[in-house]
Amino acid sequence: MLQKNFYKSSLTMLAMVSAMTLSSVAQAAAIPLANAGFDVDDASAGDVFGATGWTTFGNGFTTSNLGPGSSPVPDSPNNTFKAFGGGSGAGQNFAATAGDVFTMSGLGMNFGSDPLLGTGELLLQIVFRDVNGNFAGTEAGGNFALGFNVFNSNVVNASNPIDIWNVLGVGTAAAPDNTASADLNVLVLAPAGGSGYFDSIAASQVPAIPVPAAVWLFGSGLLGLVGVARRRKA
Ligand SMILES: [Ca+2]
Numbered sequence: 027m028l029q030k031n032f033y034k035s036s037l038t039m040l041a042m043v044s045a046m047t048l049s050s051v052a053q054a055a056a057i058p059l060a061n062a063g064f065d066v067d068d069a070s071a072g073d074v075f076g077a078t079g080w081t082t083f084g085n086g087f088t089t090s091n092l093g094p095g096s097s098p099v100p101d102s103p104n105n106t107f108k109a110f111g112g113g114s115g116a117g118q119n120f121a122a123t124a125g126d127v128f129t130m131s132g133l134g135m136n137f138g139s140d141p142l143l144g145t146g147e148l149l150l151q152i153v154f155r156d157v158n159g160n161f162a163g164t165e166a167g168g169n170f171a172l173g174f175n176v177f178n179s180n181v182v183n184a185s186n187p188i189d190i191w192n193v194l195g196v197g198t199a200a201a202p203d204n205t206a207s208a209d210l211n212v213l214v215l216a217p218a219g220g221s222g223y224f225d226s227i228a229a230s231q232v233p234a235i236p237v238p239a240a241v242w243l244f245g246s247g248l249l250g251l252v253g254v255a256r257r258r259k260a
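With positions in the sequence shown counted from 1, the corresponding number in my numbering is that position plus 26.
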């Protein structure tokens with residue numbers, strides 16, 4: 027009877043431990059984006075070039091003119107990032123390994139005073155790079171195929187209502203082989219003119235090889251319990 031109860035409680039404990047292990051495997055780790063809300067770098071009224079923690083390219087700057095769902099923003103400081111023209115934006119780079127799965131989300135707005143024209147659009151983008159900074163991956167299909175090492179979110183374009191915040195998201199962006207890092211970008215592609223705003227960027231990363239240490243600990247714990255059970259039986 028005692029033996030039976032011991033096995034029972036052992037199994038319950040094992041089930042609990044394995045459930046905890048599994049849940050930690052499934053959990054995506056939030057990426058520690060610097061200045062994710064673009065709220066740093068705007069000392070006072072008006073626009074300030076640059077966005078602390080972000081590498082900016084093309085024409086982009088932080089501004090206090092707009093906040094999510096309101097213009098002008100009532101709860102200062104609640105600054106945003108504005109970009110305009112062809113190929114402008116900002117990005118941050120994080121270490122990554124082949125098989126890592128990234129996600130990215132944020133808010134994007136078509137700006138009413140300088141709206142997107144033609145095929146112009148704004149979006150979020152994840153780009154995987156190798157150790158040399160080139161596009162990662164040597165799988166069949168070459169090194170530059172959208173959806174292979176470059177992942178785009180849904181877009182905001184000229185057909186979107188102006189001055190309305192839209193939720194943008196890149197889901198399930200899996201790093202190809204040879205991946206060493208990932209760029210998380212906010213982008214405005216508007217060669218015909220126009221501008222857009224970004225705010226509240228977030229991202230997550232699920233490692234390719236999930237918590238091997240926890241798995242080993244779980245395995246050795248299992249062996250230990252079996253050993254104890256055997257000794258009790260004898
Ligand atoms: Ca903000």
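For each residue, glycine too, the CB sits at the ideal point set by N, CA and C.
Local conformation of residue i per DSSP, three classes
i: Val181; result: coil
i: Thr82; result: strand
i: Gly205; result: Note that residue 205 is Thr in the sequence shown, not Gly. Correct three-state label for Thr205: coil.
i: Gly163; result: coil
i: Asn119; result: strand
i: Phe128; result: strand
i: Val66; result: coil
i: Ala199; result: strand
i: Ala55; result: strand
i: Ala229; result: strand
i: Gly112; result: strand
Sub-7 Å separation of residue i and residue j beta-carbons
i: Val214; j: Met130; result: no
i: Asp126; j: Pro233; result: yes
i: Leu150; j: Gly138; result: no
i: Asn136; j: Ile188; result: yes
i: Val176; j: Val153; result: yes
i: Asn85; j: Asp209; result: no
i: Ala216; j: Leu142; result: yes
Identified DSSP bridge partners for residue i
i: Glu147; result: Asn183 and Leu215
i: Phe107; result: Thr88 and Phe224
i: Trp191; result: Met135
i: Ile152; result: Phe177 and Leu210
i: Ala234; result: Its beta-bridge partners do not exist; DSSP assigns none.
i: Gly76; result: Phe87
C-alpha gap between residue i and residue j, whole angstroms
i: Phe64; j: Trp191; result: 15 Å
i: Asn183; j: Ile227; result: 19 Å
i: Val180; j: Thr145; result: The identity of residue 180 in the sequence shown is Asn, whereas the question assumes Val. When rounded, the distance between both Cα atoms is 14 Å.
i: Phe87; j: Thr123; result: 31 Å
i: Gly113; j: Gln231; result: 26 Å
i: Leu59; j: Thr82; result: 14 Å
i: Asn186; j: Asn178; result: 17 Å
i: Val193; j: Ile235; result: 30 Å
i: Phe174; j: Ala54; result: 21 Å
i: Thr205; j: Glu165; result: 12 Å
i: Gly163; j: Thr198; result: 16 Å
i: Arg155; j: Phe161; result: 4 Å
Residues near residue i by beta carbon distance below 8 Å, same chain, minus five either side
i: Asp140; result: Phe110, Gly219, Gly220 and Ser221
i: Phe107; result: Phe64, Ala77, Trp80, Gly86, Phe87, Thr88, Thr89, Ala116, Val212, Tyr223, Phe224 and Asp225
Contacting residues, own chain, Cβ-Cβ under 6 Å from residue i (five flanking each side not counted)
i: Asn211; result: Gly115, Gly117 and Gln151
i: Leu148; result: Gly134, Val182, Val214 and Gly222
i: Ala121; result: Ser207
i: Ala56; result: Ser230
i: Val66; result: Thr78
i: Gly159; result: none
Residues of its chain near residue i, where Cβ-Cβ distance is below 7 Å and the 5 sequence neighbours each way are ignored
i: Ala200; result: Gly125 and Val127
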